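The next block holds one structure in the form of structure tokens; read it before the comments.
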Amino acid sequence: MNTIAWIILTALILEFALHWMADMLNLSHLKVPLPDEFRACYDPTRYRRSQTYLRDNTRFGWISAGVHLLAVLIFWFADGFPWVDLQVRSLGWGTLASGVLYIVILIALNGLLSLPFQFYATFVIEARYGFNRTTLATFVIDRLKGAILGLLVGVPLLSGILYFFETSGRHAWWFSWLAVIAFMLVIQYIAPTWIMPLFNRFEPLAEGALKKAIMEYASSIRFPLQNVFVMDGSKRSAKSNAFFTGFGRNKRIVLFDTLVHQHSTEELVAVLGHEMGHYKQHHILVGLLIRMLQTGLMFFLLSLCISQPSLFEAFNMSHMSVYAGLVFFGLLYTPIDFFSGLLVMMVSRRNEFDADRFAMQTTGGGEAMINALKTLSVSHLSNLTPHPFYVFLNYSHPPVMARIAALRAGMSKPTA
Ligand SMILES: [Zn+2]
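Start counting the sequence shown at 274; every next residue gets the next number (the working numbering).
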């Protein structure tokens, strides 16, 4: 084992151990009593149920992550990487096609390993708590569509990147970067009209009190809202959500049908106020720019590593290639990915507070937002008392109690 191999091995094991430690702290934090704020929403039985849901998910997460880590290590130390390479090269397909095939095989192996876990999570855990609405047919069709879409989008992009790194020398990293940026923008643009309808039905929100309240609110904050859509989220889960898609004047807001059924009009307007707050405060644009910068950094580092013989020695490869270098760099990148992920989540948690405050200030008080957050937490059996270290490692949103406390603090302050 060379230094690169030790770095990768240590990073993989440390990350696993860190998450396990955070999980243990999180479970031990379940003894914190039910927050007063939620006394009226929960009876003791249902609250205990939310805690067993967390325990079940945590234990399942350990098994899933443990099996994945073990599989990677076995594949690595049983020389799986050079073996697949030998099979692919024996086909005599040429560098580009061989590269695409090599990477597609590895991704497919990983996907097959994940399949039983996704099945168990959907049909056992989510079903046990009354969340699952996915039929077996939907589950199978989703995976097939996902795989086909992945090939249609991924193969051309991957071919482009491999081509640049084969032929463009020191310019390869920023050629690839530009290609990925162009791809990200195109996907963002076509997602609402071409990709999402492959998986869900979107219908314009029916005319009525809710539509009127939403449109009036949007115009009160000068938000150029074209239309509000309702998505059949209930096709897969009883859980609910709302999100934003589209660019420029083509902006639309999507509400899950489950969300519309569970909340009052005031709560829904507050939730949309929060979503529009993200837009008004440029969180979406900044998020996109950060992802672009991360991609650029990754390609730059890739260009430094991809022709280092030690990277290939670490995986017992007798033959150096751009495509295998891409895969091994992906593993070497684990620690950087981990730290940049922590940073992104930290920024995201701060943005959530800002979006909540925006909703509070523009919808006439924070009470509706607080009620919406409570209803969401109870209906999703969310963990009300997560451990701070677990939040630091895993949460893109602040814990619900912190959000409610921030809203209450804002409400007691006179507005300037
Ligand atoms: Zn948000």
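Note that the Cβ used here is the ideal one computed from N, Cα and C, for glycine as well.
This one's a predicted model, so the numbers in the text were calculated from it and none came from an experiment.
Item to check | Beta carbon shell of ligand 1 at less than 6 Å from a heavy atom | outcome: One residue list follows from the rule of a beta carbon closer than 6 Å to any heavy atom of ligand 1, given in chain order as H547, H551, E625 and A628.
Item to check | DSSP three-state assignment for F517, whether helix, strand or coil | outcome: F517: strand per DSSP, three-state reduction.
Item to check | Counted within 10 angstroms of its Cβ, other Cβ atoms place S363 as buried (16 or more) or exposed | outcome: Exposed, by the Cβ-count rule.
Item to check | Nonlocal neighbours in the same chain, by C-beta distance under 8 Å from Y663, ignoring five residues either side | outcome: So the qualifying residues of the chain are A295, D296, L298, N299 and H302.
Checklist entry - What are the boundary residues of the beta strand (DSSP E) that M504 is part of? => result Taken as a continuous stretch (DSSP letters only), the beta strand (DSSP E) holding M504 covers N500 to M504.
Checklist entry - With a cut-off of 8 Å, do at least 3 Cβ pairs link the stretch 304-314 to the stretch 634-652? => result Touching, yes.
Checklist entry - Between which two residues does the beta strand (DSSP E) containing V527 stretch? => result R525 to F529 is the extent of the beta strand (DSSP E) around V527.
Checklist entry - Between G433 and the rest of its own chain, which residues show a CB-CB distance below 8 Å, the 5 nearest in sequence each way excluded? => result Hits under 8 Å: S449 and A452.
Next on the checklist: I want to know whether the stretch 367-377 touches the stretch 585-601 - three or more CB-CB distances under 8 Å.
Outcome noted: Remark: three or more beta-carbon pairs, one from each stretch, lie closer than 8 Å, so the stretch 367-377 and the stretch 585-601 are flagged as touching.
Item to check | Distance between beta carbons of A682 and D629, contact taken as under 8 Å | outcome: Contact flag wrong, Cβ pair sits at about 11 Å.
Checklist entry - In chain order, which alpha helix (DSSP H) runs of at least 4 residues are fully inside the stretch 413-474? => result Listed in chain order, the complete alpha helix (DSSP H) runs (minimum 4 residues) inside the stretch 413-474 are 445-463.
Next on the checklist: I need the DSSP call for E489, collapsed to helix, strand or coil.
Outcome noted: E489 falls in the helix class under three-state DSSP.
Next on the checklist: On the DSSP letters alone, give me the boundaries of the alpha helix (DSSP H) that V305 sits inside.
Outcome noted: V305 -> no alpha helix (DSSP H), and no H or E assigned at all.
Next on the checklist: Quick check on this structure: which residue in V501, G372 and T408 has the alpha carbon closest to the alpha carbon of E439?
Outcome noted: Residue G372 is the option with its Cα nearest to E439.
Checklist entry - Between which two residues does the alpha helix (DSSP H) carrying S576 extend? => result Looking at the DSSP string, the run of the alpha helix (DSSP H) that includes S576 is H556 to C578.
Checklist entry - Can the beta-carbon of I280 be found closer than 8 Å to that of D329? => result No, the pair does not count as a contact, with Cβ atoms beyond the cut-off.
Next on the checklist: Measuring only the C-alpha atoms, how far is A479 from L343?
Outcome noted: Between A479 and L343, the C-alpha separation is close to 51 Å.
Item to check | For E476, three-class secondary structure by DSSP | outcome: In the structure shown, E476 sits in a strand (DSSP, three-state: E or B).
Next on the checklist: On the DSSP letters alone, give me the boundaries of the alpha helix (DSSP H) that H547 sits inside.
Outcome noted: First-last of the alpha helix (DSSP H) with H547: T538 to K553.
Checklist entry - Start and end of the alpha helix (DSSP H) containing I614? => result It should be noted that the sequence gives Gly, not Ile, for residue 614. Looking at the DSSP string, the run of the alpha helix (DSSP H) that includes G614 is T607 to T635.
Checklist entry - By a C-beta neighbour count over all protein chains shown, 10 Å radius and 16 as the cutoff for buried, is S325 buried or exposed? => result The question names Ser, but residue 325 in the sequence shown is Thr. With fewer than 16 other Cβ atoms inside 10 Å of its own Cβ, T325 counts as exposed.
Checklist entry - DSSP beta-bridge partners for S510? => result Partner residues in the beta bridge of S510, as assigned by DSSP, are N405.
Item to check | Assigned secondary structure, R319 (DSSP; H/G/I helix, E/B strand, else coil) | outcome: Looking at R319 - three-state DSSP - the assignment turns out to be helix.
Item to check | Integer-rounded CB distance, given that F612 should sit under 8 Å from F601 | outcome: Going by Cβ atoms, the distance from F601 to F612 rounds to 20 Å, so no, they are not a contact pair.
Checklist entry - Going by alpha carbons, who is nearest to R416 out of R332, F456, F472 and I460? => result Of the listed residues, the one whose Cα sits closest to R416 is F472.
Checklist entry - In three-state terms, what does DSSP make of T658? => result Coil.
Next on the checklist: For a test of the three-state rule: what should DSSP assign to D352, helix, strand or coil?
Outcome noted: The answer is coil: DSSP assigns D352 none of H, G, I, E or B.
Next on the checklist: Using the three-state DSSP reduction, which class does S669 fall into: helix, strand or coil?
Outcome noted: It is coil, neither helix nor strand.
Item to check | Rounded separation between T466 and R474 - CA only | outcome: Using only the alpha carbons, I get a separation of about 11 Å.
Next on the checklist: Can you tell me whether H660 is buried or exposed? The criterion is at least 16 other CB atoms within 10 Å of its CB, across all chains shown.
Outcome noted: Per the 10 Å Cβ criterion, buried.
Item to check | G372 (DSSP reduced to helix, strand or coil) | outcome: In the three-state scheme derived from DSSP, where H, G and I count as helix and E and B as strand, G372 is classed as helix.
Checklist entry - In this structure, does DSSP put M674 in helix, strand or coil? => result Here M674 sits in helix by DSSP.
Next on the checklist: Only counting the same chain, and skipping five residues up and downstream in sequence, which positions put a Cβ closer than 8 Å to that of V525?
Outcome noted: Val is not the amino acid found at residue 525; the sequence shown has Arg there. If we look at R525 and ignore the five residues flanking it on each side, its Cβ neighbours are P465, L498, Q499, N500, V501, F502, F517, T518 and G519.
Checklist entry - So T538 and L483 are in contact, right, with Cβ under 8 Å, and what is the actual spacing, rounded? => result Sure, about 5 Å apart at Cβ, within 8 Å.
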